[in-house]
Amino acid sequence: MSGKEVDLFLHYKARHGESVETRHKEIIAAMRSLSAPFGWGEVSKLPPAPDCGEDLGAGFHITLNVPGIESYGTYVYRGETYKYRDESTFDDKLSISFDSRNKFVDYRLVLETHFPAVIGAFHAYLAKAFFDDYFVRYEDLNQGAVDRLRKTQTVDINGRNNIFTLHPAQYWDAELCGKALGYGPDEVIRRLEGNVPLVRPLMNGVYTVFNDDPDLSFEDFCAFNDRFKPVLGLE
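What follows is the structure, encoded as structure tokens:
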């Protein structure tokens, strides 16, 4: 049975003082320590750190041993002449893609256990579980609100200081909670505990599963956004 495409997407703030080579070595070591389905310990040939050359970024690709799982990573150019802005555009990123009905992957267990483990290994400040194209369709339905946010130049929509769309699973660090919500991870837990499949502390932030259905419909995606955004104080 075919499901929907799931993309686990993680963000890390690039720093000029941390080279791509150093960062890549740390990620390789951390991801090798994880178990299946997302650990890299059984991958026979891991890619070397990519070279940005004259570009403003560079990437790598890994096909995991578990069938149907692909992973991609990108790094931001570290040259001092490249001035970073406080926006998610200037993040290193890692993505893991698979089908929600992949017979080798327990989707609910991924959201409960494996995704948080990857977040910790990558030291992400922000992570999201994209489900099919629901994110795009939801924002199309709410285009007016999105356009209003875009007119505010200081707002990084769904990035370092804003939460507009809720995904089936998400991680926000303490700084992001403060900027986007106006309160900390403990308050997120207080507001959501008992009403979502999972909400718990992770590193210095909070990890939440809003819906763990591998056959999630777009209507149910909109429904948990409509229900929980007001609870969190989001537009």
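Residue numbers for the sequence shown follow the UniProt record's numbering, beginning at 1 and rising by one. Just so you know, even glycine gets a beta-carbon here, dropped at the ideal spot from N, CA and C. Bear in mind the structure is a predicted one, so any value in this text is a computation, not a measurement.
- For Leu149, the secondary structure class from DSSP, reduced to helix, strand or coil, is helix.
- Around Ala145, the same chain offers Glu235 as residues with beta carbons nearer than 7 Å, after the five sequence neighbours per side are excluded.
- In the three-state DSSP reduction, Val43 falls in the coil class, being neither helix nor strand.
- Boundaries of the beta strand (DSSP E) around Ile96: Asp91 to Asp99.
- Asn211 is the residue among Asn211, Asn204, Met203 and Lys103 whose C-alpha sits nearest the C-alpha of Leu192.
- Around the beta carbon of Asp173, 16 or more other beta carbons lie within 10 angstroms, which makes this residue buried.
- For Thr22, no beta strand (DSSP E) run applies; the uninterrupted alpha helix (DSSP H) run containing it begins and ends at Val20 to Arg32, by DSSP.
- If you draw a 10 Å sphere on the C-beta of Val136, you find fewer than 16 other C-beta atoms in it, and that means exposed.
- Leu216 has its alpha-carbon roughly 24 Å from the corresponding atom of Tyr72.
- Within the DSSP secondary-structure output, Ile62 pairs in a beta bridge with Ser71.
- Rounded to whole angstroms, Arg108 and Val199 show a C-alpha spacing of 14 Å.
- Considering only Glu26, Val20 and Glu70, the residue with the shortest C-alpha distance to Val43 is Glu70.
- Close CB contacts of Ala117 within its chain, under the 7 Å cut and outside five residues either way in sequence, are with Leu34 (chain order).
- Of the residues Arg227, Asn225 and Arg85, the one whose Cα lies closest to the Cα of Gln153 is Arg85.
- Across the set Asp132, Ile96 and Glu112, the C-alpha of Asp132 shows the shortest separation from the C-alpha of Ser2.
- In this chain, Leu141 is not harboured by any beta strand (DSSP E); it is covered by the alpha helix (DSSP H) spanning Tyr134 to Leu141.
- Note that the C-beta distance between Leu46 and Ile28 is below 7 Å.
- From the listed residues Leu149, Gly59 and Glu187, the smallest Cα separation to Arg23 is found for Gly59.
- Lys13 and Asp220 have their C-alpha atoms roughly 32 Å apart.
- Scanning the stretch 170-228 for uninterrupted alpha helix (DSSP H) segments of 4 residues or longer gives 174-181 and 185-192, listed from N- to C-terminal end.
- Pairing Tyr75 with Val20 gives a Cβ-Cβ distance under 7 Å.
- Nearest C-alpha to Val231 among Ala127, Ala30, His61 and Leu181: Leu181.
- The bridge partners DSSP lists for Phe164 come to none.
- Here Phe38 is near Ile96, since their CB atoms are less than 7 Å apart.
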